[in-house]
Amino acid sequence: MEIKGINNEDIEKKKKVIYDEIAEMIKSGELTTEEDVNNKLRELIEYYSNIIL
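Per my numbering, the sequence shown starts with residue 196, numbered consecutively.
This is the structure in structure tokens:
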């Protein structure tokens, strides 16, 4: 069984996806405060750290 290692390209892809999702939520008005953004950011980081793009 091969285990895929984490490399910078994977990290950059995940960061872009997370930042794009946060930006869309801010534009749509779903996230309105810094606390909302920070909470959603934590949630997305946890989610995307558990999957491979």
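Here a beta-carbon is modelled for each residue, glycine too, at the ideal position from N, C-alpha and C. Quick caveat: nothing in here was measured; it's all calculated off a predicted structure.
Can you tell me whether residue i sits near the ligand ZN, meaning its C-beta is under 6 angstroms from at least one heavy atom of the ligand?
i    : result
N233 : This structure lacks the ligand ZN, and indeed carries no ligand of any kind.
By DSSP, does residue i sit in helix, in strand, or in coil?
i    : result
I246 : coil
K225 : Note that residue 225 is Glu in the sequence shown here, rather than Lys. Three-state result, E225: coil.
N203 : helix
Please report the Cβ distance between residue i and residue j, rounded to the nearest whole angstrom; I am assuming they are in contact, meaning their Cβ atoms lie under 8 angstroms.
i    : j    : result
I221 : V232 : 7 angstroms
Y242 : V212 : Y242 to V212, Cβ: 10 angstroms. No contact.
Nearest chain B C-beta to residue i closer than 7 angstroms, yes or no?
i    : result
L239 : Here chain B cannot be found, since the structure has a single protein chain.
Counting C-beta neighbours from all protein chains within 10 Å, is the total for residue i 16 or more, i.e. buried, or is it exposed?
i    : result
M196 : Note that M196 scores a pLDDT of 40, beneath 50, so its modelled location is shaky; the value from the coordinates is reported in the next line. Exposed.
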